[in-house]
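Engineer:
Residue numbers (the working numbering), protein chains in the order written: chain S, 185 to 615; chain Z, 1055 to 1480.
And the structure:
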């Protein structure tokens, strides 16, 4: 067992990374004074991992869209006919799970009895039980979940934007799949996916809060079942630099048109990935952040609302795009104004004073996030799974070292108008 | 639990709640103006808060104000406008990092609190009224928000249901109003309402975090000087009367999934027993509704229960396929009957208690949740810590839960049906 301590004297915090003999990486953050414990048991497996091979599968196999998410639902059932929530009920823990494009994680949150809750978490995730009957039963529930997602115009708009930005990348496929694609899911396929991705070498346990490291490790020693290396290989289609479609307009029952604008750039990994993610976020702030001239102009003109948001949507090695989303009576005009602002910033340069202030904002965000046990557990997991050797506290120094010149240089690459798309959801058929 | 909780009077109808805990690295100060909800003032109250958060006499533009917040390590200034039963709570909150964690221990707490006070007491006025520039901008935004309400199908269906559940009561009033009303609002009306809020509303100041030594005297000084001659005390508890007959309402909308909301009402006095009963019915992942209606019967994607102690109302909401509406409705009523008949084990009850206790104790770990938790305590005139509430839960008996369940009367059935599918009943 190999242990690494990651600490930050400025933030007065530290956590540990333990490479457990079973193959699992364990991240532990003892938070003094806090009552809660938050744990995530995650695997590097999401909706984009739809073509893969292992020693068991032989050749590459293509699995139905939405299967990672389906698997997440089904893992909550056990062979003694009880469901996992009933097991957790004894501990008071609130349990949940999520599937993203590249991660599936099982989580719990509790204040007492974390030891028992951790045993349940490690136990059920390592004990799949899929039958024809229980797989069939889930189809209706997941179909309802997909339909509920379709009722959110914001989600629909974002989903369509990804379909516009990407030509082949599986990020364009919805995490839950479609009502049609989930019909093809069988217990056999679920086991194939489980055996390929739910291997401890491909997984991480992140736990923070009112814990004792030695107790967590004792439970891990008892519960973890070492798994053999299955030589997992993912296959991803070639993704060209260009976007698939510049403008996508779909219809739904909306009171005000919803829009999402995306700028596509090359996927990155490691240190460069983390650094560019910060640069992209800071450039978004320059373009349409709340302190930007354009944001305030558009707001005063009534073209956007204060709910307009910006974020960087990324997965290491797989995709990297900068997103602006909101509601507007005239999304096309908003898009034009944003493009003009990018051109202006390229010519005139970014606002250096605001850039320096934005560094203080990022630092403040970091401090605030440490107040939250869940945010701490989440961040440990994401950094470990997505950012290679970059640790959670390094970003404070990384932000401090960013220069306005570096941001300026990255602008044409991260905000290439030719590689941008706009998705609009409106209920006006003539829009 | 927090190291200390203290509530004190700062002036007539002005209370200061201090929740201190040294584990936090950031602080929250919120100032709320609580008034009875009425049709005329509800959107005005909302707009006044938005205007106060747009600019002030020192930071004359939104860009300047957000720039100042950014400089304070990204301090966040937010507005709130929400219902508490028949009352409306409007306010401003600021969150900022503690002085001990700024670079070089720069003192920002006094600047952050002064910024909040400037927004409240020194708004940007032109000719004695709110600046027209921001009035028209915020009015347009209000209009957009009204138009966009339908974009959130769950929230929209809940609002539509509440119009029937609380028919004739202030709790059914839209806080946004109508587009026509939004367009007609004037700067003078907003200015008058601003002064009314300062002089007549119940004012709740909450400080949560640590190191308020520098900030507290400034806050007290600012509010203790307010003239409060028109102060109107608010009465939070306003039980919703039970309808003579269950109201049924079906609306058709362009939605993919039908949203069904059922309301049950009771005047049961012990709110913690009612909360426990609600959780047993539909507030946990092993509740009657989740484990039976969703998991075993696969009738809906979500099916959960929530209880408002102030209105004495239990809401069961679910997302269902149109063809399953009737089946789901019957299944939900059956689960309620099961509890009334005592068809739950002592173990189910104990697990529900433990689950609720986890939720209550976890409030201790967030400045926002602590602030919300004690605000709710204030509305009940109590000051129980989360741990004390857990002790109350643990003492509740099965018989009390049955009695509480029996007191709830089926009041309203509302469904927002999808247009496409065919329902089982035709």
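We treat Cβ as the ideally placed atom computed from N, Cα and C, and that holds for glycine.
For the stretch 541-570 of chain S, which residues have a beta carbon sitting closer than 8 Å to at least one beta carbon of chain Z?
Structural biologist: Hits within the stretch, in order: 541, 542, 544, 545, 546, 547, 548, 549, 551, 552, 554, 555, 556 and 557.
Engineer: Let me confirm a value: residue 1063 of chain Z is counted as buried when at least 16 other C-beta atoms fall within 10 Å, else exposed. Which label applies?
Structural biologist: If you number the second chain from 1, residue 1063 of chain Z lands on position 9. So residue 1063 of chain Z ends up on the exposed side.
Engineer: Would you grab the beta carbon distance between residue 1080 of chain Z and residue 555 of chain S for me? Rounded to a whole angstrom, and I think it's under 8 Å.
Structural biologist: Counting from one through the second chain, the residue named residue 1080 of chain Z turns up at place 26. Counting from one through the first chain, the residue named residue 555 of chain S turns up at place 371. Contact holds; Cβ gap of about 6 Å.
Engineer: CA-CA distance, residue 533 of chain S and residue 1187 of chain Z?
Structural biologist: In the first chain, residue 533 of chain S corresponds to position 349, counting from 1. In the second chain, residue 1187 of chain Z corresponds to position 133, counting from 1. Each residue's Cα considered, the two are about 29 Å apart.
Engineer: If you reduce the DSSP assignment to three classes, tell me which class residue 1139 of chain Z lands in.
Structural biologist: Locating residue 1139 of chain Z in the second chain gives position 85, counting from the first residue. Residue state, collapsed to three classes: coil.
Engineer: Do the stretch 1422-1435 of chain Z and the stretch 303-318 of chain S make contact, defined as three or more Cβ pairs closer than 8 Å?
Structural biologist: No, they do not touch.
Engineer: Find the residues of chain Z that neighbour residue 135 of chain S, judging by a C-beta separation of less than 7 Å, and give them in chain order.
Structural biologist: The question about residue 135 of chain S has no answer here: the residues shown for chain S are numbered 185 through 615.
Engineer: Which class does residue 528 of chain S belong to by DSSP, given the choice of helix, strand or coil?
Structural biologist: Taking the first residue of the first chain as position 1, residue 528 of chain S is located at position 344. Three-state DSSP puts residue 528 of chain S in a helix.
Engineer: Just to make sure I have the definition right: I need the residues of chain S whose C-beta is within less than 8 Å of the C-beta of residue 1307 of chain Z. Which are they?
Structural biologist: As a working note, residue 1307 of chain Z is residue 253 in the second chain. Those are 437, listed as they occur along chain S.
Engineer: Distance check for residue 1107 of chain Z and residue 1285 of chain Z, CA to CA, integer angstroms please.
Structural biologist: By 1-based counting over the second chain, the position of residue 1285 of chain Z is 231. By 1-based counting over the second chain, the position of residue 1107 of chain Z is 53. Cα-Cα distance, rounded: 24 Å.
Engineer: Need the endpoints of the alpha helix (DSSP H) that residue 1081 of chain Z sits in, please.
Structural biologist: For this step, residue 1081 of chain Z is matched to residue 27 along the second chain. Careful: residue 1081 of chain Z lies outside any alpha helix (DSSP H), inside the beta strand (DSSP E) at 1080-1090.
Engineer: From residue 1408 of chain Z to residue 1444 of chain Z, what does the alpha carbon distance come to, in whole angstroms?
Structural biologist: In the second chain, residue 1408 of chain Z corresponds to position 354, counting from 1. In the second chain, residue 1444 of chain Z corresponds to position 390, counting from 1. One C-alpha to the other measures close to 8 Å.
Engineer: Residues of chain S with CB under 7 Å from residue 1349 of chain Z, in chain order?
Structural biologist: The residue you call residue 1349 of chain Z lines up with position 295 of the second chain. Here the neighbours are 267.
Engineer: If you pair each beta-carbon of the stretch 437-445 of chain S with each one of the stretch 455-465 of chain S, do three or more pairs fall below 8 Å?
Structural biologist: Contact fails: fewer than three Cβ-Cβ distances are below 8 Å.
Engineer: I need the straight-line Cα distance from residue 562 of chain S to residue 1061 of chain Z, nearest angstrom please.
Structural biologist: Within the first chain, numbered from 1, the residue matching residue 562 of chain S stands at position 378. Within the second chain, numbered from 1, the residue matching residue 1061 of chain Z stands at position 7. Using only the alpha carbons, I get a separation of about 35 Å.
Engineer: Mind checking whether residue 185 of chain S and residue 392 of chain S have CB atoms under 8 Å apart?
Structural biologist: In the first chain, the residue the question calls residue 185 of chain S occupies position 1. In the first chain, the residue the question calls residue 392 of chain S occupies position 208. Taking 8 Å as the Cβ cut-off, residue 185 of chain S and residue 392 of chain S do not qualify as a contacting pair.
Engineer: Strictly by DSSP, which residues pair up with residue 1305 of chain Z?
Structural biologist: As a working mapping, residue 1305 of chain Z is identified with position 251 in the second chain. BP columns for residue 1305 of chain Z point to Z/1470.
Engineer: Please go through the stretch 1389-1425 of chain Z and give each complete alpha helix (DSSP H) segment of 4 or more residues, from N-terminal end onward.
Structural biologist: Complete alpha helix (DSSP H) runs here, min 4: 1400-1416.
Engineer: If you draw a straight line from the C-alpha of residue 608 of chain S to the C-alpha of residue 463 of chain S, how long is it?
Structural biologist: On the first chain, residue 608 of chain S is found 424 positions in, with the first residue counted as 1. On the first chain, residue 463 of chain S is found 279 positions in, with the first residue counted as 1. The alpha-carbon atoms of residue 608 of chain S and residue 463 of chain S are separated by roughly 27 Å.
Engineer: Given that a residue counts as buried once 16 or more other Cβ atoms are within 10 Å of its Cβ, and exposed if not, what is residue 1093 of chain Z?
Structural biologist: As a working note, residue 1093 of chain Z is residue 39 in the second chain. Label assigned to residue 1093 of chain Z: exposed.
Engineer: Buried or exposed for residue 1302 of chain Z, going by 16 or more other Cβ atoms inside 10 Å?
Structural biologist: As a working note, residue 1302 of chain Z is residue 248 in the second chain. Exposed.
Engineer: If the cut is a Cβ gap below 7 Å, which residues of chain Z does residue 331 of chain S touch?
Structural biologist: Position 147 of the first chain holds residue 331 of chain S. Near residue 331 of chain S (Cβ distances below 7 Å), the residues of chain Z are 1310 and 1311.
Engineer: Just curious, the alpha helix (DSSP H) that residue 1164 of chain Z is in, first and last residue?
Structural biologist: Position 110 of the second chain, counting from 1, holds the residue named residue 1164 of chain Z. Its alpha helix (DSSP H) spans residues 1163-1175.
Engineer: Taking C-beta to C-beta, are residue 274 of chain S and residue 300 of chain S nearer than 8 Å?
Structural biologist: Here residue 274 of chain S refers to the residue found at position 90 of the first chain. Here residue 300 of chain S refers to the residue found at position 116 of the first chain. Yes, Cβ-Cβ distance for residue 274 of chain S and residue 300 of chain S is below 8 Å.
Engineer: Any idea what DSSP makes of residue 400 of chain S, helix, strand or coil?
Structural biologist: To locate residue 400 of chain S, count along the first chain from 1; it is residue 216. If DSSP states are grouped into helix, strand and coil, residue 400 of chain S belongs with the helices.
Engineer: Please return the same chain residues whose Cβ sits closer than 7 Å to the Cβ of residue 282 of chain S, not counting the five positions on each side in sequence.
Structural biologist: Along the first chain, read from residue 1 onward, the residue named residue 282 of chain S stands at position 98. Same-chain partners within the cutoff: 289.
Engineer: Tell me the residue span of the beta strand (DSSP E) that contains residue 508 of chain S.
Structural biologist: Here residue 508 of chain S refers to the residue found at position 324 of the first chain. That run of the beta strand (DSSP E) goes 503-511.
Engineer: Where residue 280 of chain S and residue 339 of chain S are concerned, what is the direct C-alpha to C-alpha distance, given to the nearest angstrom?
Structural biologist: Looking up residue 280 of chain S in the first chain gives position 96. Looking up residue 339 of chain S in the first chain gives position 155. So the alpha carbons of these two residues sit roughly 21 Å apart.
Engineer: Quick check: what's the CA-CA separation for residue 1518 of chain Z versus residue 1169 of chain Z?
Structural biologist: Here chain Z comprises residues numbered 1055 to 1480, so residue 1518 of chain Z is not present and cannot be evaluated.
Engineer: Tell me which same chain residues have a C-beta within less than 6 Å of the C-beta of residue 646 of chain S, skipping the five on either side of it?
Structural biologist: Missing from the structure shown is residue 646 of chain S; chain S here goes from 185 to 615 and no further.
Engineer: Do residue 351 of chain S and residue 451 of chain S have their beta-carbon atoms positioned less than 8 Å apart in this structure?
Structural biologist: Stepping through the first chain from its first residue, residue 451 of chain S is reached at position 267. Stepping through the first chain from its first residue, residue 351 of chain S is reached at position 167. No; because the gap between Cβ atoms is not below 8 Å, this pair is not in contact.
Engineer: What residues of chain S sit near residue 1198 of chain Z, judged by a beta carbon separation below 7 Å?
Structural biologist: Looking up residue 1198 of chain Z in the second chain gives position 144. Within 7 Å Cβ-Cβ: 440, 489 and 511.
Engineer: Spatial neighbours of residue 1227 of chain Z within its chain, please: C-beta separation below 8 Å, excluding the five flanking residues on both sides.
Structural biologist: One-based indexing of the second chain puts residue 1227 of chain Z at position 173. Correct list, in chain order: 1091, 1092, 1093 and 1096.
Engineer: Who pairs with residue 235 of chain S in a beta bridge, going by DSSP?
Structural biologist: Here residue 235 of chain S refers to the residue found at position 51 when the first chain is read from its first residue. BP columns for residue 235 of chain S point to S/246.
Engineer: For the ligand GTP, any of its heavy atoms closer than 7 Å to the Cβ of residue 1369 of chain Z?
Structural biologist: You won't find the ligand GTP in this model; it holds no ligand whatsoever.
Engineer: Counting beta carbon pairs with one atom in the stretch 1230-1246 of chain Z and one in the stretch 1154-1161 of chain Z, are three or more of them shorter than 8 Å?
Structural biologist: The answer is no - the stretch 1230-1246 of chain Z does not touch the stretch 1154-1161 of chain Z, with fewer than three Cβ pairs under 8 Å.
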